[in-house]
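These notes concern the structure reproduced below.
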Amino acid sequence: MKADGFEVGSHGWSHLNLARCPLDEARREITQSRKLLARMLGAPPRSFAYPYGGREDIAPAVLDEIVDSGFEVVASAYSGANVGSIEPRNVLRTAVNDTIDGLTLRALVEDVALAALREAVVSRWSLHSTALSPQPLAGASRPESA
Ligand SMILES: [Zn+2]
């Protein structure tokens, strides 16, 4: 996976909300997962994604613990796009699933309005607007409708 550009990071030891547990427990969650991943991967992980990760789930003292334990990149989960310079202590994560088509994913990543992106693609390639109706990503399964 590493050769394909994927990186394995930590998401904590037991998926506790680190802003709602005692700091020493949060520290244990962070360091135990880091040690296990380092042993499994042969090198310590660089990135940490908060379990939960909403604005209310991030505490400055916990962020300090994450950085002090050696993580270089920390990801929140309150959504947003990382456009321009990226704050390594707050990389924005956006949830995606198999119902999101490629154009919608691009709009999310680039923080542009989907309608404007669709219009630009239709115009650039002289397509009919129906050519860009949402399609699931290749290989994605979609539940049967009743
Ligand atoms: Zn999670």
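Sequence positions in the sequence shown follow the numbering used here and run 1278 to 1423.
Think of the CB as a built atom: it goes at the ideal place given N, C-alpha and C, for glycine as much as any other residue.
Beta carbon nearer than 6 angstroms to a non-hydrogen atom of ligand 1: Taking each Cβ in turn, the ones that pass are His1288, His1292, Pro1328.
| query | beta strand (DSSP E) containing Ala1326: first to last residue? | reply | Counting along the chain, the unbroken beta strand (DSSP E) around Ala1326 starts and ends at 1324-1326.
*First and last residue of the beta strand (DSSP E) that includes Val1350?*
Taken as a continuous stretch (DSSP letters only), the beta strand (DSSP E) holding Val1350 covers 1350-1352.
*What do you get for Gly1289, buried or exposed, if any count of 16 or more other CB atoms within 10 angstroms of its CB means buried?*
Residue environment: Gly1289 is assigned as buried (16 or more neighbouring CB atoms within 10 Å of its CB, all protein chains considered).
Ser1356 and Ala1338: beta carbons closer than 9 angstroms? Between Ser1356 and Ala1338, the CB-CB gap reaches or exceeds 9 angstroms.
Which residues share a DSSP beta bridge with Val1368?
DSSP output for Val1368 lists Ala1352 as bridge partner(s).
Report task. Select from Pro1322, Leu1314, Leu1382, Glu1387 the residue whose C-alpha is nearest the C-alpha of Val1360. Result -> Looking at the Cα atoms, Glu1387 is the closest of the given residues.
How many angstroms separate the CA atom of Leu1340 from the CA atom of Arg1383? Leu1340 and Arg1383: Cα-Cα distance of roughly 29 angstroms.
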